[in-house]
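Just add 3 to the spot in the sequence shown (first one is 1) and you have this note's numbering. Report on the structure given below.
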Amino acid sequence: MNTTGFTVPQLDYAALLPMLVLFGAACLGVLVEAFVPRPLRRPVQAGLALLALVVSFGTVVLAAGTQTITAGRAVAVDGPALFLQGSIAVLGIAALLLLADRTSDEQPTEAFPLVLFSLGGMMLFVAANDLLIMFVALEVLSLPLYLLCGLARRRRLLSQEAAVKYFLLGAFASAFFLYGVALLYGYADSVRLADLYRAVGSSGRSDALLLAGLAMLLIGLLFKAGAVPFHMWTPDVYQGAPTPITALMAACTKVAAFGAILRVLQVAFLNTRWDWRPVLIAVAMVTMVVGAVLAVTQTDLKRLLAYSSIANAGFILCGVAGLGPAGTASTLFYLASYGFTTVGAFAVVMLVRDADGEATHLSRWAGLGRRSPLLAAVFTFFLLAFAGIPLTSGFISKFGVFAAALDGGAVALVVVGVIASMVIAFPYLRLIVLMYLSEPVPDGPTVTVPGAFTAASLALGVAATLLLGVVPGPLLDLANRASEFVR
Numbered sequence: 004m005n006t007t008g009f010t011v012p013q014l015d016y017a018a019l020l021p022m023l024v025l026f027g028a029a030c031l032g033v034l035v036e037a038f039v040p041r042p043l044r045r046p047v048q049a050g051l052a053l054l055a056l057v058v059s060f061g062t063v064v065l066a067a068g069t070q071t072i073t074a075g076r077a078v079a080v081d082g083p084a085l086f087l088q089g090s091i092a093v094l095g096i097a098a099l100l101l102l103a104d105r106t107s108d109e110q111p112t113e114a115f116p117l118v119l120f121s122l123g124g125m126m127l128f129v130a131a132n133d134l135l136i137m138f139v140a141l142e143v144l145s146l147p148l149y150l151l152c153g154l155a156r157r158r159r160l161l162s163q164e165a166a167v168k169y170f171l172l173g174a175f176a177s178a179f180f181l182y183g184v185a186l187l188y189g190y191a192d193s194v195r196l197a198d199l200y201r202a203v204g205s206s207g208r209s210d211a212l213l214l215a216g217l218a219m220l221l222i223g224l225l226f227k228a229g230a231v232p233f234h235m236w237t238p239d240v241y242q243g244a245p246t247p248i249t250a251l252m253a254a255c256t257k258v259a260a261f262g263a264i265l266r267v268l269q270v271a272f273l274n275t276r277w278d279w280r281p282v283l284i285a286v287a288m289v290t291m292v293v294g295a296v297l298a299v300t301q302t303d304l305k306r307l308l309a310y311s312s313i314a315n316a317g318f319i320l321c322g323v324a325g326l327g328p329a330g331t332a333s334t335l336f337y338l339a340s341y342g343f344t345t346v347g348a349f350a351v352v353m354l355v356r357d358a359d360g361e362a363t364h365l366s367r368w369a370g371l372g373r374r375s376p377l378l379a380a381v382f383t384f385f386l387l388a389f390a391g392i393p394l395t396s397g398f399i400s401k402f403g404v405f406a407a408a409l410d411g412g413a414v415a416l417v418v419v420g421v422i423a424s425m426v427i428a429f430p431y432l433r434l435i436v437l438m439y440l441s442e443p444v445p446d447g448p449t450v451t452v453p454g455a456f457t458a459a460s461l462a463l464g465v466a467a468t469l470l471l472g473v474v475p476g477p478l479l480d481l482a483n484r485a486s487e488f489v490r
């Protein structure tokens, strides 16, 4: 206790090191922007960011098996937190590799420290054991993304429009989250997840405060996950943001959002599952159907992938609704495998270009299989993984979350999920047919040769998508061992 009478919280720096490395490197990146000459900034920033993520992932590996609550019981470092932090670090590396190959004319160098700040916020978000810390982490991960969405220089108007939409809707969702925290504090006299768990069901407390607070909390979290009806920002932001940033959001932000949803529901509100589980099942059903149906109508590739992301949010919610270790493990596996496939798909989108930049209209992809057979084959593989075809990670992921939901008794959810999977396979197969069986357009786009970093990101996406479909056992075992939350 210090001289003011307040107890100084004990900090387990080893457990916090994955986040501290990223925040420290981000601060160094700000200094690089201020003091390093412009011609040297990009290699210095890219090297610093990639090194920080590699070191952060290494500290996650060294902390494997840790089960502790630190920082005044505000941060929980346990199996799910470490698994998700490791996923964020590796997927962040894959997304940063795409960013490192961009020129200064396409992407300014200040994007690198902003990405590190956002990834650090995501790591804190999935480990937050206190709703106020979770809100702080939500803002730390979100504010850099709002800026990053507006940094595309070739399509400045579209990019800035996406950034404004994301900021306004994100602020609205954050307000719901914070108001939910206030109501839950009124219910339990605490915002710590363990205290909320103990308060649920005790006599003399208002159930109206509990249910209203939880509903508003979930609105903020489901907005970040891109679930219906909080999905309206997703297509516009995915289309307008620079493609490396879109890949970062589609992979890492989804990991962070669902990690927080799992922790909140299973650590704080498990005893009220009879109240929130039917709502979550309904949201999952609507999300899968809306994402699948609207994906069929899209003519822009990035908007198609955005609606695919929405549908996949519904599939992931099947695992969340499954409850128990099986539901948690299947969700963790899905998040990691889907992230690799998504980053790889957006890497391909970056390489098909015309005079205006990336050629994202579907008609421009006609005959791509003849122009560039290798790139078309890689993209076809990613599309088949999104569709859940066997021997890809998408099949194992969908099988896992559907099995967990079925074990939890959510038969109707699984039926809707299977139907939605068949519907959303149509736009993927249509695009494959377009690439291989259509005549190339006379003034079609060119396929640029990928830089070393983009090629590395593509190779990582292909390898992970293939290996997790053929040999998923090691990651599944890791997810099963990491499925226990500490309270």
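We put the beta carbon where it would ideally sit given N, CA and C, even for glycine. These numbers were taken from a predicted model, which means no experiment stands behind them.
Check, Outcome
"Once the 5 residues before and after residue 96 are set aside, which same chain residues still bring their CB inside 6 Å of it?", "56"
"So who's on the other strand from residue 79, going by DSSP bridges?", "72"
"Rounded to the nearest angstrom, what separates residue 388 and residue 233 at their Cα positions?", "25 Å"
"Between the alpha carbons of residue 372 and residue 279, how many angstroms are there, rounded?", "47 Å"
"Report the CB separation of residue 125 from residue 255 in whole angstroms; it is logged as a contact under 8 Å.", "6 Å"
"Suppose you measure from the CA of residue 202 to the CA of residue 210; what does that come to, to the nearest Å?", "11 Å"
"Below 9 Å between beta carbons: does that hold for residue 472 and residue 393?", "yes"
"From residue 322 to residue 415, what does the alpha carbon distance come to, in whole angstroms?", "14 Å"
"Can you tell me which of the three DSSP states residue 4 falls into?", "The predicted position of residue 4 is uncertain, since its pLDDT is 48 and thus under 50; no value can be drawn from it."
"Unbroken beta strand (DSSP E) runs of length 3 or more, entirely within the segment 339-416: which are they?", "355-357"
"Whose C-beta lies closer than 6 Å to the C-beta of residue 439 among residues of the same chain, with five residues either side of it excluded?", "372"
"Could you please give the first and the last residue of the uninterrupted alpha helix (DSSP H) stretch that includes residue 187?", "159-191"
"If we count Cβ pairs, one from each stretch, closer than 8 Å, do we get three or more for the segment 422-438 versus the segment 289-308?", "yes"
"Which of the three DSSP states, helix, strand or coil, is assigned to residue 446?", "coil"
"Is residue 237 near residue 313, with beta carbons less than 9 Å apart?", "yes"
"Closer than 6 Å by C-beta to residue 162: which residues in its own chain qualify, once you throw out the five before and the five after it? Chain order, please.", "153, 155, 243"
"What residues in its chain sit with their C-beta under 6 Å from that of residue 316, if we drop five residues either side in the sequence?", "228, 229, 230, 290"
"In or out: residue 488 buried (at least 16 other Cβ within 10 Å) or exposed?", "buried"
"In this structure, does DSSP put residue 67 in helix, strand or coil?", "coil"
"Would you report the Cα separation of residue 133 and residue 375, rounded to the nearest angstrom?", "51 Å"
"How many Å lie between residue 330 and residue 272 at the Cα?", "16 Å"
"Could you check if residue 48 is buried or exposed, using at least 16 other CB atoms within 10 Å of its CB as the buried criterion?", "buried"
"Less than 7 Å between C-beta atoms, sequence neighbours within five positions excluded: which residues of the same chain meet that for residue 485?", "82, 83, 85, 86, 335"
"Would you call the CB atoms of residue 103 and residue 456 closer than 9 Å?", "yes"
"How many angstroms separate the CA atom of residue 404 from the CA atom of residue 378?", "30 Å"
"Based on Cα-Cα distance, which residue from 33, 101, 144 lies nearest to residue 22?", "144"
"Taking its Cβ as the centre, do 16 or more other Cβ atoms sit within 10 Å of residue 253, making it buried, or is it exposed?", "buried"
"If you draw a straight line from the alpha carbon of residue 425 to that of residue 468, how long is it in whole angstroms?", "20 Å"
"In three-state DSSP terms, what is residue 306?", "helix"
"Give me the DSSP bridge partner(s) of residue 195.", "133"
"Can you grab the Cα-Cα spacing for the pair residue 78 / residue 249, in whole Å?", "28 Å"
"Report all residues from its chain with a CB closer than 8 Å to the CB of residue 269; omit the five preceding and five following residues, and keep chain order.", "326, 331, 488"
"List the whole-angstrom C-beta distance separating residue 429 from residue 299, where the pair is believed to meet the contact cut-off of C-beta under 8 Å.", "6 Å"
"Would you tell me roughly how many angstroms separate the C-alpha atoms of residue 63 and residue 37, rounded to the nearest one?", "30 Å"
"How long is the line joining the alpha carbons of residue 116 and residue 71, rounded to whole angstroms?", "29 Å"
"Within the same chain, show all residues whose beta-carbon is closer than 6 Å to that of residue 52, passing over the 5 residues directly before and after it, in chain order.", "99, 115, 119"
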